[in-house]
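A short worksheet on the structure shown next.
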Amino acid sequence: EFLAAIRSGKSDLRSVLRSSEAGKAVVSTGPRVIRDTSKSKKVTDTEDTRELSSVLPDGKIVTETQRTTEHEEVDDDELPEDAPEQDFHKESSQR
Numbered sequence: 001e002f003l004a005a006i007r008s009g010k011s012d013l014r015s016v017l018r019s020s021e022a023g024k025a026v027v028s029t030g031p032r033v034i035r036d037t038s039k040s041k042k043v044t045d046t047e048d049t050r051e052l053s054s055v056l057p058d059g060k061i062v063t064e065t066q067r068t069t070e071h072e073e074v075d076d077d078e079l080p081e082d083a084p085e086q087d088f089h090k091e092s093s094q095r
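Below you can see the structure in the form of structure tokens.
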């Protein structure tokens, strides 16, 4: 079939080159995307510390420490348009 196509003088032999006798592709028909992913992860940790000191009437010094920590994770996995753009997870604690 290949030799016959060449001998016939056809100017466009791509259709013959793309198929074999069984009809399967012999030559690649072009690039093909198999998997296209893009991942991005951003993690932000913040901590705020406040110390309050006071003197009691008996002369003792009392120090109160307030510590607030915040953990934020943002995942971007090329989500569909109707999905939220960011996923926040915040934690805080005080002592």
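For the sequence shown, position 55 (counting from the first letter as 1) is numbered 55 according to UniProt numbering, and the numbering increases by one without interruption.
All residues carry an ideal CB built from backbone N, CA and C; glycine is no exception.
Less than 8 Å between the C-beta atoms of K42 and V74, yes or no? yes
Just reading off the beta strand (DSSP E) that K42 is part of, what are its end residues? S40 to V55
Do you know offhand how far T69's Cα is from S40's? Rounded to whole angstroms, T69 to S40 spans 23 Å at the Cα level.
What's the gap between the Cα of T46 and the Cα of L52? 20 Å
Note down, in chain order, each residue of its chain lying with its Cβ closer than 7 Å to the Cβ of residue 100, except the 5 sequence neighbours on either side. Lying before the first or after the last residue shown, residue 100 is absent from the chain, which here runs from 1 to 95.
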